[in-house]
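Have a look at the structure below, then the notes.
2 protein chains.
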Amino acid sequence: MRIPYEEMKSEFKRIFMEKGFNEESAEQAATSFADNSCDGVYSHGVNRFPRVVQYIEKGYIKPNVKATKIGGLGALENWDGHLGLGSLIAKQCMDRAIDLASQYGIGCVAIKNNNHWMRGGAYGWQAANAGCIGICWTNTQPNMPAWGAMDRRIGNNPLIMAIPRQKGHIVVDMAMSQYSYGKIEEYKLKNKDLPVPGGFDSNGAISTDPAEIEKTWRMLPVGFWKGSSLSIVLDLISAVLSGGNTTADVGKLGGDEYALSQVLIAIDPTKLNDSENIEKALDESIEYIKSSLPVSEDGEIYYPGERAAFTREDNLKHGIPVDDEVWRQITST
Amino acid sequence: MRIPYEEMKSEFKRIFMEKGFNEESAEQAATSFADNSCDGVYSHGVNRFPRVVQYIEKGYIKPNVKATKIGGLGALENWDGHLGLGSLIAKQCMDRAIDLASQYGIGCVAIKNNNHWMRGGAYGWQAANAGCIGICWTNTQPNMPAWGAMDRRIGNNPLIMAIPRQKGHIVVDMAMSQYSYGKIEEYKLKNKDLPVPGGFDSNGAISTDPAEIEKTWRMLPVGFWKGSSLSIVLDLISAVLSGGNTTADVGKLGGDEYALSQVLIAIDPTKLNDSENIEKALDESIEYIKSSLPVSEDGEIYYPGERAAFTREDNLKHGIPVDDEVWRQITST
Chain A
1 MRIPYEEMKS EFKRIFMEKG FNEESAEQAA TSFADNSCDG VYSHGVNRFP RVVQYIEKGY
61 IKPNVKATKI GGLGALENWD GHLGLGSLIA KQCMDRAIDL ASQYGIGCVA IKNNNHWMRG
121 GAYGWQAANA GCIGICWTNT QPNMPAWGAM DRRIGNNPLI MAIPRQKGHI VVDMAMSQYS
181 YGKIEEYKLK NKDLPVPGGF DSNGAISTDP AEIEKTWRML PVGFWKGSSL SIVLDLISAV
241 LSGGNTTADV GKLGGDEYAL SQVLIAIDPT KLNDSENIEK ALDESIEYIK SSLPVSEDGE
301 IYYPGERAAF TREDNLKHGI PVDDEVWRQI TST
Chain B
1001 MRIPYEEMKS EFKRIFMEKG FNEESAEQAA TSFADNSCDG VYSHGVNRFP RVVQYIEKGY
1061 IKPNVKATKI GGLGALENWD GHLGLGSLIA KQCMDRAIDL ASQYGIGCVA IKNNNHWMRG
1121 GAYGWQAANA GCIGICWTNT QPNMPAWGAM DRRIGNNPLI MAIPRQKGHI VVDMAMSQYS
1181 YGKIEEYKLK NKDLPVPGGF DSNGAISTDP AEIEKTWRML PVGFWKGSSL SIVLDLISAV
1241 LSGGNTTADV GKLGGDEYAL SQVLIAIDPT KLNDSENIEK ALDESIEYIK SSLPVSEDGE
1301 IYYPGERAAF TREDNLKHGI PVDDEVWRQI TST
């Protein structure tokens, strides 16, 4: 079924209010979950919503909480998220990074004690909508083995980079695992092989078979040893700057994922360059890359973020696709 | 053969001076090439030296040039590298980013018109040696197809992140292609398959056969579509901030690689957290990751940068390994 954006948002808002959020927080929270769904990131929107409600009920997510500043110098600050709703705390702190960027050209805010921020790309789009380059990442619970290891001791720590552009922002949002757990499940249910290797089978070989990967849960980092290294460094920078948990620390919390560390950076390119030159450089590059010779005759080369914009437009027009059972569960909450 | 560090450095210095560098610049330039070699990055040290000499002779690399500031606000600046020696210009600008970080907590310097900076990791180590987190990247000439494309229109744009640590800095230095051209050549000469897929064969299938990949030069980005996207965004941020060339622009220069754009960020974590807490978090995490269950019985899990430190120690003790012919060519320059 497809649910109109406003209907989905108002359901979310109703439930957030029933779970103790005041109207302002509920409105913002509902907007963030509806926006993620509308952009096609259902795993961190409508499909995740029931688990978020569960986390509120368990007391991991505290309603109506705002982040507060711990300290800082100039363009660099750290904030405590006090276990508020991940997406609202992250949005507040990206707004602060954007403020800092307007004053210092660049702003960097590290957060400790935040919950899962859902779709990391949201804060990239947020920065770009404010005319800033956005760079941000979060750590996670341990969910992937380091390169050369069997057991899961590093996170998949998504990294986001966004560039504002009049004809459409350019946004990359990439976890450090080649696939999410959800994507591997999805292929297994369809009885299909993954398009590219996603993990190790029970013989220790690199595999495209989702059922085999599920037996080991040895997920493959992007770029093999490279993504493993990048994951470690992203985690440690977020913890060192925020003073919050490392992935190792989050692993000790008993299996649930909360009290994460995040970094949000905003840079205002117009402090260095005039908008006209910037738009020209971006448009020419996008045009050059998109006019590559495609692999298949009718193939198209997309720039990062291009398809999210298509999906958003389509979902706003035709409603947001949602599994009947998921929607039934939400509406009966 | 193995050449003592000081001997290698003094050969480099002699040649830089013969090619028009004054003593101070020659000393710094020779140090950077000897250091890269000593750390085991021969491809961007001793093995690259003959090509650097060629670029000086062609006039692409200008001796004795320093970067100059174009503009900026607060913690954000852009500089013109005036086609100086890539590694000296980048070092100068990372020094400036570190200065800005001491004043504003974070500093970001974008450079235009710089030459190839050789080993990007060097500027990560430089920041870490100054007690700062270092984040930096460069664009390159087009050398990899975008995801879905046949022809090479994006760069392999190395990304570096470094964290200072008393017991050994943590440094990742990763190009956006799974392998360098040099590494693929190396496996081909040894008649060996790559350990993991590195490109496409002539049938368009993902391959570990270096000879097949050489036929197409369709290099594989790290994480397939993910590294392709990250490469595009890194390129565009560097160009937009510096006001310099995009990868697309560099591709129009006629085949040689010069006039690149780079971003250097330094962050001082001690402005937010005390050193003792930082070292504790880092050591505990490294210990946790290193004590993973290894894949092979005698396997070891390394943290990013750990092996560069081993190599450095070994090469300082026993001399830097260099191909006889390469060394003959250099000493007869």
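So the protein lines, in turn, are chains A and B.
Quick note: the first sequence uses our numbering, first residue 1, plus one each step.
Quick note: the second sequence uses our numbering, first residue 1001, plus one each step.
Beta carbons: idealized from backbone N, C-alpha and C, even for Gly.
Asked                                                                                                                                                                                    : Found
Check this for me: beta carbons of LEU234(A) and CYS93(A), under 8 Å apart or not?                                                                                                       : no
Below 8 Å on the Cβ atoms is my guess for VAL196(A) versus PHE1224(B); work out the distance and round it to an integer in Å.                                                            : 5 Å
Does GLN141(A) pass the burial test, meaning 16 or more other C-beta atoms within 10 Å, or should it be called exposed?                                                                  : buried
For chain B, is any of its Cβ atoms less than 8 Å away from the one on PHE224(A)?                                                                                                        : yes
What is the residue span of the beta strand (DSSP E) that CYS38(A) lies within?                                                                                                          : Taken as a continuous stretch (DSSP letters only), CYS38(A) belongs to no beta strand (DSSP E), being part of the alpha helix (DSSP H) at 23–38.
Can you tell me where the alpha helix (DSSP H) with GLY182(A) in it begins and where it stops?                                                                                           : 181–189
Please report how far the alpha carbon of ILE163(A) lies from the alpha carbon of ALA127(A), in whole angstroms.                                                                         : 8 Å
If we define contact as Cβ-Cβ less than 8 Å, is LYS271(A) a contact residue for chain E?                                                                                                 : The chain inventory of the structure shown lacks chain E, comprising the protein chains A and B.
Per DSSP, THR68(A) is paired with what?                                                                                                                                                  : ASP80(A)
Across which residues does DSSP place VAL172(A) in a beta bridge pair?                                                                                                                   : MET161(A)
To the nearest whole angstrom, what separates the beta carbons of ILE1320(B) and SER1010(B), a pair I think is in contact under 8 Å?                                                     : About 13 Å separates the two Cβ atoms, so there is no contact after all.
So with CB distances below 9 Å, who are the chain A contacts of GLU1284(B)?                                                                                                              : THR246, ALA248 and ASP249
In whole angstroms, what is the alpha-carbon distance linking LYS1091(B) and LYS69(A)?                                                                                                   : 34 Å
Interface residues of chain A around MET1150(B) at Cβ under 9 Å?                                                                                                                         : SER292, LEU293, PRO294 and VAL295
Taking the alpha-carbon positions, what's the MET1161(B) to ASN1115(B) distance?                                                                                                         : 21 Å
With burial defined as no fewer than 16 other Cβ atoms inside 10 Å of the residue's Cβ, what is the status of GLU313(A): buried or exposed?                                              : exposed
For ARG153(A), go through chain B and note every residue whose CB falls closer than 7 Å to its CB, in chain order.                                                                       : TYR1288, ILE1289 and SER1292
Rounded to whole angstroms, what is the Cα-Cα separation between LEU260(A) and SER238(A)?                                                                                                : 9 Å
Please report the straight-line C-alpha distance between LYS271(A) and LEU282(A), rounded to a whole angstrom.                                                                           : 17 Å
Could you name the residues of the same chain whose beta carbon sits closer than 8 Å to that of SER1025(B), not counting the 5 residues immediately before and after it, in chain order? : PHE1016, PRO1063, ASN1064, LEU1085 and LEU1088
Leaving out the 5 sequence neighbours to the left and right, which residues in its chain are closer than 6 Å to ARG1119(B) when beta-carbon positions are compared?                      : ASN1036, VAL1041 and HIS1044
Would you call the CB atoms of ILE1170(B) and GLY1305(B) closer than 8 Å?                                                                                                                : yes
Which ranges would you report for the beta strand (DSSP E) in the region 1114–1157 of chain B if only whole runs of at least 3 residues count?                                           : 1133–1138 and 1152–1154
Kindly list the residues whose CB is nearer than 8 Å to the CB of ASN1078(B), restricted to its own chain and excluding five residues on each side of it in sequence; keep chain order.  : LYS1069, ILE1070, GLY1071, GLY1072, VAL1109, ALA1110, ILE1111, LYS1112, LEU1241, SER1242 and GLY1243
Name the chain A residues whose beta carbon is nearer than 7 Å to that of TYR1258(B)?                                                                                                    : Residues of chain A passing the Cβ test: none, with the nearest at roughly 18 Å.
Hey, is GLY198(A)'s beta-carbon within less than 8 Å of any beta-carbon in chain B?                                                                                                      : no
Let me see if you follow: with CB-CB separation under 8 Å, is GLN1126(B) close to chain A or not?                                                                                        : no
Within the 8 Å Cβ cut-off, does PRO145(A) reach chain B?                                                                                                                                 : yes
Answer with buried or exposed for ARG328(A), where buried requires no fewer than 16 other C-beta atoms within 10 angstroms of its C-beta.                                                : exposed
From MET1150(B) to LYS188(A), what distance separates their C-alpha atoms?                                                                                                               : 30 Å
Alpha carbon to alpha carbon, how far is ARG1051(B) from VAL322(A)? Give it in angstroms, no decimals.                                                                                   : 57 Å
Check PRO269(A) in the structure and name its three-state DSSP category.                                                                                                                 : helix
For ASN191(A), does the count of other Cβ atoms within 10 angstroms reach 16, so buried, or fall short, so exposed?                                                                      : exposed
If we ignore side chains and look at the alpha-carbon of each, how far apart do ASP193(A) and ALA75(A) end up?                                                                           : 47 Å
List the residues of chain A that MET1161(B) touches, going by C-beta distances under 8 Å, in chain order.                                                                               : LEU230, VAL233, LEU234 and ILE237
Using a C-beta cutoff of 8 Å, does MET1174(B) count as contacting chain A?                                                                                                               : yes
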